[in-house]
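In full-length UniProt numbering, the protein residues as written are 1 to 331.
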Amino acid sequence: RGLRNNRATAEDIAQYYQHYVMKKGLQKNFRCGTVVTSVRKVSAESISNHAQKDLQEDGDSLWNFNEKNTEVFQVDGYFKTLKDDKEPFSIYAENVVLATGTYDSPTWLGVKGENLSYVHHKLSALEEAVKNNSISIMSDPVLIVGAGLTAADAVLFAHHCNIPVIHVFRRRVSDPALIFNQLPKMMYPEYHKVHQMMKEQSAACAGPYECYVSLPEHHVLSFGKDKKCIFQDKNGCQKVYKISMALVLTGSNPNLSFLPNNGIDLATDSDQPVNPKRNPIDVDPFTYECTQEKGLYALGPLAGDNFVRFVQGGALAVASSLLKKANKNPP
1 RGLRNNRATA EDIAQYYQHY VMKKGLQKNF RCGTVVTSVR KVSAESISNH
51 AQKDLQEDGD SLWNFNEKNT EVFQVDGYFK TLKDDKEPFS IYAENVVLAT
101 GTYDSPTWLG VKGENLSYVH HKLSALEEAV KNNSISIMSD PVLIVGAGLT
151 AADAVLFAHH CNIPVIHVFR RRVSDPALIF NQLPKMMYPE YHKVHQMMKE
201 QSAACAGPYE CYVSLPEHHV LSFGKDKKCI FQDKNGCQKV YKISMALVLT
251 GSNPNLSFLP NNGIDLATDS DQPVNPKRNP IDVDPFTYEC TQEKGLYALG
301 PLAGDNFVRF VQGGALAVAS SLLKKANKNP P
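Pasting the structure below:
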């Protein structure tokens with residue numbers, strides 16, 4: 001890519017992870033095509049002698065038990081085979097790290113036409129459309145709904161590809177709760193660039209940024225089959241725009257159905273569902289171990305770390321904690 005577009009795409013990141021595993025010879029530590037259906041604590045004594053024997057005889061196994069532990073985690077799930085069959089498995093572990101992210105269940109607007117094929121809820125849909133040349137500089141504008149970091153990533157990607165954008169969001173640009181008003185400019189120059197665009201390029205006045213229109217304090221009323229989208233501003237005035245595709249990027253929630261009570265008991269507020277911004281999993285800030293369930297760890301957005309640059313710190317904290325446990329109780 002050119003110098004103007006030096007941000008990694010989702011595809012770039014996925015390929016990097018795959019290459020890293022191969023380069024470091026870590027294939028035996030990864031199980032692709034795996035779905036975890038349950039993670040729960042069980043009594044170590046309840047595990048069959050046969051299962052423990054199999055685990056302990058495996059010299060490469062990471063699941064050798066510390067005899068002092070009376071409880072372990074039972075992780076159930078299935079492998080997806082080449083024949084598309086489901087091969088069940090159970091793994092027993094003293095420690096489990098949750099690093100599933102929060103993109104499982106994107107937030108929907110709940111408006112008419114949101115289920116149409118040109119309306120998407122993931123940034124990767126735009127990247128794929130550009131890659132396949134189904135969206136280009138000559139296309140009708142791409143609608144981006146939302147004022148968070150994922151929406152900003154979409155704006156940056158489209159801007160770098162010279163794709164016209166209509167950017168719709170509910171808040172005022174000067175709203176203190178807007179994420180851009182909380183970030184240091186020196187640390188996040190790319191996001192402050194988007195914030196500047198949002199302020200200077202509204203539909204009411206011309207600005208310096210071609211192919212970008214900002215519609216603050218607007219919300220979507222409906223999506224039409226003819227790819228016409230109806231918006232409404234704070235005064236009740238409606239506008240209609242013809243678009244090529246829509247990206248609704250207003251947040252998402254994790255799918256923790258594999259945990260007891262969907263993981264709610266682990267959250268900071270145990271009466272509400274886990275949410276990366278408002279109600280993350282409550283963890284020790286130095287080890288990232290769940291305060292409500294020893295041996296269970298949470299990383300990234302699940303623990304409230306919603307910036308990529310913070311994830312490394314959490315991973316190191318978990319690794320340090322596990323290493324200390326291993327050195328204290330060697331197999």
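Here a beta-carbon is modelled for each residue, glycine too, at the ideal position from N, C-alpha and C.
Please classify residue i as buried or exposed, where buried requires at least 16 neighbouring CB atoms within 10 angstroms.
i           : result
N132        : exposed
residue 334 : Absent from the structure is residue 334, since the part of the chain shown begins at 1 and ends at 331.
C32         : exposed
L3          : Below a pLDDT of 50, predicted positions are generally treated as unreliable, and L3, at 43, falls in that range; the measurement from the model is reported next regardless. The residue is exposed, with fewer than 16 neighbouring Cβ atoms inside 10 Å.
N235        : exposed
P141        : buried
V72         : buried
T37         : exposed
H120        : buried
I137        : exposed
I13         : exposed
Q18         : exposed
Using a threshold of 9 Å, state whether the C-beta atoms of residue i and residue j are closer than that.
i    : j    : result
N255 : S90  : no
H192 : F180 : yes
F223 : Y118 : yes
P273 : G304 : no
A298 : L98  : yes
D265 : E293 : yes
T9   : S252 : no
Y212 : V155 : yes
V130 : V96  : no
V173 : H195 : yes
E127 : E11  : yes
Have a look at the DSSP bridge pairing and note the partners of residue i.
i    : result
S174 : Bridge partners of S174: none, in fact.
M245 : V142
C290 : V283
T34  : F79
E71  : S43
D233 : H218
S252 : P106
N275 : N279
H120 : L247
Tell me where the alpha helix (DSSP H) around residue i begins and ends.
i    : result
H219 : First-last for H219: 218-223, but that is the beta strand (DSSP E), not the alpha helix (DSSP H).
Y191 : 189-200
L323 : 308-328
L126 : 124-131
V155 : 149-160
Need the endpoints of the beta strand (DSSP E) that residue i sits in, please.
i    : result
K23  : Not the beta strand (DSSP E): K23 falls in the alpha helix (DSSP H), residues 10-23.
L302 : Neither: L302 is in no beta strand (DSSP E) and is coded neither H nor E.
S90  : 86-93
D104 : Careful: D104 lies outside any beta strand (DSSP E) and carries neither H nor E.
K227 : Premise fails: K227 is in no beta strand (DSSP E) and is neither H nor E.
F169 : 165-169
V96  : 96-98
State the CB to CB distance for the pair residue i and residue j, rounded to an integer number of angstroms; the pair is presumed to be in contact (CB under 8 Å).
i    : j    : result
L123 : D85  : In fact, because the Cβ distance is near 32 Å, the residues do not count as touching under 8 Å.
V220 : V318 : With a Cβ gap of about 40 Å, V220 and V318 do not count as contacting.
S214 : K227 : Not confirmed; about 21 Å, so no contact.
T70  : S46  : Not quite, the Cβ-Cβ distance comes to about 10 Å (not below 8 Å), so this is no contact.
T250 : G113 : With 8 Å as the limit, T250 and G113 do not qualify as a contact, their Cβ atoms being about 16 Å apart.
Is residue i close to the ligand PLP? I mean its beta-carbon at under 8 Å from any heavy atom of the ligand.
i    : result
D104 : For the structure depicted, the ligand PLP is absent and the ligand set is empty, with no information on it obtainable.
Indicate whether at least one CB of chain D lies closer than 9 Å to the CB of residue i.
i   : result
D76 : Judged by its chain identifiers, the structure shown contains no chain D, having just a single protein chain.
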